[in-house]
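*Asks:* One structure, as structure tokens, below. Some questions next.
Number of protein chains: 2
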Amino acid sequence: MSTSTIVTMDTPTLSPRKRYAPGEGDRLRQDLLVAAGELMVTTGDIDTISLRAVARKVGVSPTAVYRHFDDHLDLLREAVDSCWSDFRTVLEEAAATTDDPFIAFRAMGDAYVRFALERTGQYRVLFSNKVDIGHESSPGLTAFWVLVDIVERMLAANDDPRDPFFVSVQVHTWVHGMVDLCGSHPGVPWPPTAELLDGLGVALELVPRAAPAD
Amino acid sequence: MSTSTIVTMDTPTLSPRKRYAPGEGDRLRQDLLVAAGELMVTTGDIDTISLRAVARKVGVSPTAVYRHFDDHLDLLREAVDSCWSDFRTVLEEAAATTDDPFIAFRAMGDAYVRFALERTGQYRVLFSNKVDIGHESSPGLTAFWVLVDIVERMLAANDDPRDPFFVSVQVHTWVHGMVDLCGSHPGVPWPPTAELLDGLGVALELVPRAAPAD
DNA sequence: CTTGTGAGTTAACGCCTGTTACGTGAACAC
DNA sequence: GTGTTCACGTAACAGGCGTTAACTCACAAG
Numbered sequence: 032m033s034t035s036t037i038v039t040m041d042t043p044t045l046s047p048r049k050r051y052a053p054g055e056g057d058r059l060r061q062d063l064l065v066a067a068g069e070l071m072v073t074t075g076d077i078d079t080i081s082l083r084a085v086a087r088k089v090g091v092s093p094t095a096v097y098r099h100f101d102d103h104l105d106l107l108r109e110a111v112d113s114c115w116s117d118f119r120t121v122l123e124e125a126a127a128t129t130d131d132p133f134i135a136f137r138a139m140g141d142a143y144v145r146f147a148l149e150r151t152g153q154y155r156v157l158f159s160n161k162v163d164i165g166h167e168s169s170p171g172l173t174a175f176w177v178l179v180d181i182v183e184r185m186l187a188a189n190d191d192p193r194d195p196f197f198v199s200v201q202v203h204t205w206v207h208g209m210v211d212l213c214g215s216h217p218g219v220p221w222p223p224t225a226e227l228l229d230g231l232g233v234a235l236e237l238v239p240r241a242a243p244a245d
Numbered sequence: 032m033s034t035s036t037i038v039t040m041d042t043p044t045l046s047p048r049k050r051y052a053p054g055e056g057d058r059l060r061q062d063l064l065v066a067a068g069e070l071m072v073t074t075g076d077i078d079t080i081s082l083r084a085v086a087r088k089v090g091v092s093p094t095a096v097y098r099h100f101d102d103h104l105d106l107l108r109e110a111v112d113s114c115w116s117d118f119r120t121v122l123e124e125a126a127a128t129t130d131d132p133f134i135a136f137r138a139m140g141d142a143y144v145r146f147a148l149e150r151t152g153q154y155r156v157l158f159s160n161k162v163d164i165g166h167e168s169s170p171g172l173t174a175f176w177v178l179v180d181i182v183e184r185m186l187a188a189n190d191d192p193r194d195p196f197f198v199s200v201q202v203h204t205w206v207h208g209m210v211d212l213c214g215s216h217p218g219v220p221w222p223p224t225a226e227l228l229d230g231l232g233v234a235l236e237l238v239p240r241a242a243p244a245d
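The listed protein sequences correspond, in order, to chains C and G.
Using this note's numbering, you'd call the opening residue of the first sequence number 32 and step up by one each time.
Using this note's numbering, you'd call the opening residue of the second sequence number 32 and step up by one each time.
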């Protein structure tokens, strides 16, 4: 008999998985990336994600990975890239809902916080990535420039002479600190994130300037 | 012959290490903690620090660890504790150099940033620790209350009615975001940290209030 | 000189890992 | 029907890991 009852770590326990038809083998590639992304959610650490674990989650043998990726690192790199792409899309869509920079700013902040707190593991992989994946900064930077643009428009509306880049760095570092700290220390009685976001806008004067009393 | 030329991963390449004399075996315990701390500096991730790697760094066999620690997790937990203790000492000493809360605030901020940027790996272990070490929050909290005290005195000096705890959370989240982001993405052209710290004090109004023009 | 004993070491176990070489079986082309 | 090709699977490798059991060996006490 070729089938045994022994369940090793490599044999999936359920869903014997029909193999994809010839020509659409690239779908497995996508499945592997999704599985890697899901593993990030629970581990929050990229170098504890083994090639075998990803294959196991999809229900495929470890060697099947090599048909679609050069090696372990290549798989992880692509998975991180696709995660960056998700994150960027979320932020850009939130920012594009309105032309009012103040509203867009808050929408972007909310989206940022929601992503970071709902998909904490992935967020950690993106931002506390010590693995040298190569071009680590560029995918995140494109979303950052959207923020700089919004900040620029807010400052202009307020006749505020501050440097938009500097203020954007202030915004991003602060929001990152909030979500990273709250996400990693859930036991601490943090103030609600909405309140913290409000405080950020007030402290950095990124709210519509009140019309002077006439 | 009992000595072979084969260098396995467990045999140290240099310094055959004299064993400690009877009675002072506890010194190896300390050596192991120091070695674990040094590994944190380079890895920044606690669960890639293997028991064997720590033993290797000290120049001792893996099993020697078990004389001083229950198991792998016990070793890591003690190492993290000792790292927390270092960090707390640095902050408290910086804060205790003066009675002026505004000066103490800045000194504490500088010390925080310096620790985080010089010992990035250890800082990451302390604050992005997803391993459930048990009492994860308490050692850091004691240093946090020192901050709350300083903030309280600053607010009092300024007749500022804000909640010291809330403001302290704002301070800490922001500083954490700054050092975490700068530390993990060294390629980005960050503004100087001193400038960012200044901006933090200004934005959160944690500077001596200017005397009203008379 | 004998006898412990403290401070380690050696050998081995079972497991998980990335990676290679090779096999297999179904779908399509002709 | 035959052959090829695509989409995988099987078996095996070498090496790292935590952990256990048993051993060694210098030094101190009596």
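No residue lacks a Cβ here, since even glycine has one placed at the ideal position from N, Cα and C.
From a predicted model like this one, the values you see are computed outputs, not experimental measurements.
Short check: CB of residue 174(C) to CB of residue 119(C), under 7 Å?
*Replies:* Cβ distance < 7 Å, so residue 174(C) and residue 119(C) count as in contact.
*Asks:* Establish whether the CB of residue 217(G) and some CB of chain C are separated by less than 7 Å.
*Replies:* For residue 217(G), the answer is no, since every Cβ of chain C falls outside 7 Å of its Cβ.
*Asks:* Where are the alpha helix (DSSP H) runs, 4 residues long or more, that stay fully inside the segment 57 to 126 of chain C, in chain order?
*Replies:* Counting whole runs of 4 or more residues, the segment 57 to 126 of chain C contains the alpha helix (DSSP H) stretches 57 to 74, 82 to 89 and 103 to 126.
*Asks:* Tell whether a beta-carbon distance below 7 Å holds between residue 199(G) and residue 178(G).
*Replies:* Yes.
*Asks:* Compare the Cα-Cα distances from residue 91(C) to each of 229(C), 58(C) and 139(C) and report the closest residue.
*Replies:* If we check each option's Cα against that of residue 91(C), 58(C) comes out closest.
*Asks:* Residue 129(C) lies in the alpha helix (DSSP H); which residues open and close that run?
*Replies:* Per DSSP, residue 129(C) belongs to no alpha helix (DSSP H) and is neither H nor E.
*Asks:* Using a Cβ cut-off of 9 Å, pull out every chain G residue sitting near residue 208(C), in sequence order please.
*Replies:* Residues of chain G passing the Cβ test: 203, 204, 205, 206, 207, 208, 209, 210, 211 and 212.
*Asks:* Leaving out five residues on either side along the sequence, give the residues of the same chain with a beta carbon under 6 Å from the beta carbon of residue 144(C).
*Replies:* Once the five neighbours on either side are set aside, the close Cβ partners of residue 144(C) are 210 and 224.
*Asks:* Reducing DSSP to helix, strand and coil, say where residue 199(G) ends up.
*Replies:* If DSSP states are grouped into helix, strand and coil, residue 199(G) belongs with the helices.
*Asks:* When DSSP labels each residue in this structure, what does residue 19(C) get in the three-state scheme?
*Replies:* This structure leaves residue 19(C) out entirely; chain C is present only between 32 and 245.
*Asks:* For residue 113(G), which of 229(G), 104(G) and 68(G) has the nearest alpha-carbon?
*Replies:* Nearest of 229(G), 104(G) and 68(G) to residue 113(G), Cα basis: 68(G).
*Asks:* Express the C-alpha separation of residue 40(C) and residue 195(C) in angstroms, rounding to a whole number.
*Replies:* Rounded to the nearest angstrom, the two C-alpha atoms are 52 Å apart.
*Asks:* Give every residue of the same chain whose Cβ lies closer than 8 Å to the Cβ of residue 47(G), excluding the five residues on either side of it in the sequence, and list them in chain order.
*Replies:* Closer than 8 Å at the Cβ level, and outside the excluded window around residue 47(G), lie 90.
*Asks:* Can you find the residues in the same chain that come closer than 7 Å, C-beta to C-beta, to residue 54(C), ignoring five residues on each side of it along the sequence?
*Replies:* Contacts found: none.
*Asks:* Between the alpha carbons of residue 35(G) and residue 56(G), how many angstroms are there, rounded?
*Replies:* Low per-residue confidence applies at residue 35(G): pLDDT is 42, beneath 50, and the placement is therefore not dependable, though the value from the model is reported in the following sentence. Near 28 Å, if we compare the C-alpha coordinates of residue 56(G) and residue 35(G).
*Asks:* By alpha-carbon positions, which one of 242(G), 153(G), 124(G) and 64(G) ends up nearest to residue 214(G)?
*Replies:* Residue 214(G) has its Cα closest to that of 153(G), out of 242(G), 153(G), 124(G) and 64(G).
*Asks:* Just to make sure I have the definition right: I need the residues of chain G whose C-beta is within less than 8 Å of the C-beta of residue 200(C). Which are they?
*Replies:* Within 8 Å Cβ-Cβ: 221, 222 and 227.
*Asks:* List, in chain order, every chain G residue whose beta-carbon is nearer than 8 Å to that of residue 235(C).
*Replies:* Near residue 235(C) (Cβ distances below 8 Å), the residues of chain G are 234.
*Asks:* Give the secondary structure of residue 140(G) by DSSP, where H, G and I count as helix, E and B as strand, and everything else as coil.
*Replies:* Residue 140(G): helix per DSSP, three-state reduction.
*Asks:* Taking C-alpha atoms, which residue in 234(G), 228(G) and 240(G) lies nearest to residue 191(G)?
*Replies:* Nearest option by C-alpha distance: 240(G).
*Asks:* Among residues of its own chain, excluding the 5 on either side of residue 106(G), which ones have a beta-carbon nearer than 7 Å to its beta-carbon?
*Replies:* Correct list, in chain order: 63, 67, 82, 85, 96 and 100.
*Asks:* To the nearest angstrom, how far is the alpha carbon of residue 129(C) from that of residue 228(C)?
*Replies:* Going from the Cα of residue 129(C) to the Cα of residue 228(C) covers about 19 Å.
*Asks:* Helix or strand or just coil, what does DSSP make of residue 28(C)?
*Replies:* Since the displayed chain C opens at 32 and closes at 245, residue 28(C) lies outside it and no answer follows.
*Asks:* Show which residues of chain G have a CB atom less than 9 Å away from the CB atom of residue 100(C).
*Replies:* Simply none; closest approach about 22 Å.
*Asks:* Can you tell me the Cα-Cα spacing of residue 206(C) and residue 50(C), whole angstroms?
*Replies:* Looking at the two C-alpha atoms, the distance is approximately 44 Å.
*Asks:* For residue 115(C), which residues from the same chain have a beta carbon less than 7 Å from its beta carbon, with the 5 sequence-adjacent residues on both sides left out?
*Replies:* Cβ within range, chain order: 157, 170 and 171.
*Asks:* So the alpha helix (DSSP H) residue 152(G) belongs to, where does it begin and stop?
*Replies:* Element bounds for residue 152(G): 151 to 158.
*Asks:* Give me the chain C residues within the contact set of residue 197(G), using Cβ-Cβ distance strictly less than 7 Å, ordered along the chain.
*Replies:* Those are 222, listed as they occur along chain C.
*Asks:* For a contact defined as C-beta to C-beta under 7 Å, what are the partners of residue 155(G) on chain C?
*Replies:* Chain C residues near residue 155(G): 159.
*Asks:* Starting from residue 230(C), find everything on chain G with Cβ-Cβ shorter than 8 Å and list it in chain order.
*Replies:* Going along chain G in sequence order, the residues near residue 230(C) (Cβ under 8 Å) are 197 and 201.
*Asks:* Would you call residue 94(C) buried or exposed, if buried means 16 or more other Cβ atoms sit within 10 Å of its Cβ?
*Replies:* Exposed, because fewer than 16 other Cβ atoms sit within 10 Å of the Cβ of residue 94(C).
*Asks:* Report back the beta-carbon spacing between residue 126(C) and residue 181(C) to the nearest angstrom; my notes put them in contact at under 8 Å.
*Replies:* Yes, they are in contact, since the Cβ atoms of residue 126(C) and residue 181(C) sit about 6 Å apart, within 8 Å.
*Asks:* To the nearest angstrom, report how far apart residue 61(C) and residue 109(C) are at their CA atoms.
*Replies:* Whole-angstrom Cα-Cα distance: 10 Å.
*Asks:* Less than 8 Å between the CB atoms is what I'm expecting for residue 232(C) and residue 155(C), so what's the real figure, rounded?
*Replies:* Their Cβ separation, rounded to whole angstroms, is 25 Å, which puts residue 232(C) and residue 155(C) out of contact at 8 Å.
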